[in-house]
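J.: First, the structure itself, so that you have it in front of you.
Residue numbers (my numbering): 85 to 158.
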């Protein structure tokens, strides 16, 4: 239950940072997704685990893209 609350909090803060257009949002998404993978696998929700693997990959690509874009604009 505490791990669920932790990931929910990380996701909410990540959304808030994304709304503020802060690159750090991607780091929170990656951390929360990485925590969610074994959490849902342990709960027997294998499909959700694979979904969070996909979300982690998307977050890593998003971070790289935002970083590349921010370096171009400087």
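The beta-carbon is built from N, C-alpha and C at its ideal position, and this holds for glycine as well.
#1: Which two residues bound the contiguous alpha helix (DSSP H) that contains residue 112?
#2: At which residues does the alpha helix (DSSP H) containing residue 152 begin and terminate?
#3: Counting C-beta neighbours from all protein chains within 10 Å, is the total for residue 120 16 or more, i.e. buried, or is it exposed?
#4: Taking all protein chains shown into account, do 16 or more other C-beta atoms lie within 10 angstroms of the C-beta of residue 114, making it buried, or fewer, making it exposed?
#5: Does residue 112 pass the burial test, meaning 16 or more other C-beta atoms within 10 Å, or should it be called exposed?
#6: Excluding the 5 residues flanking residue 87 on each side, which residues of the same chain have their C-beta closer than 7 angstroms to its C-beta?
#7: Could you work out which residue in 95, 144, 135 and 132 is closest to residue 116 when comparing CA atoms only?
T.: Per the coordinate set shown:
#1: Mapped onto the chain shown, residue 112 falls at position 28. Per DSSP, residue 112 belongs to the alpha helix (DSSP H) from 108 to 126.
#2: Position 68 of the chain shown holds residue 152. From DSSP, the alpha helix (DSSP H) with residue 152 extends over 130 to 157.
#3: Locating residue 120 in the chain shown gives position 36, where the first residue counts as 1. Residue 120 comes out buried.
#4: Locating residue 114 in the chain shown gives position 30, counting from the first residue. The residue is buried, with at least 16 neighbouring Cβ atoms inside 10 Å.
#5: Taking the first residue of the chain shown as position 1, residue 112 is located at position 28. Label assigned to residue 112: buried.
#6: Residue numbering aside, residue 87 sits at position 3 when the chain shown is read from its first letter. Cβ neighbours of residue 87 beyond the five flanking positions: 119 and 123.
#7: As a position in the chain shown, residue 116 is number 32, starting the count at 1. Ranking 95, 144, 135 and 132 by Cα distance to residue 116 puts 95 first.
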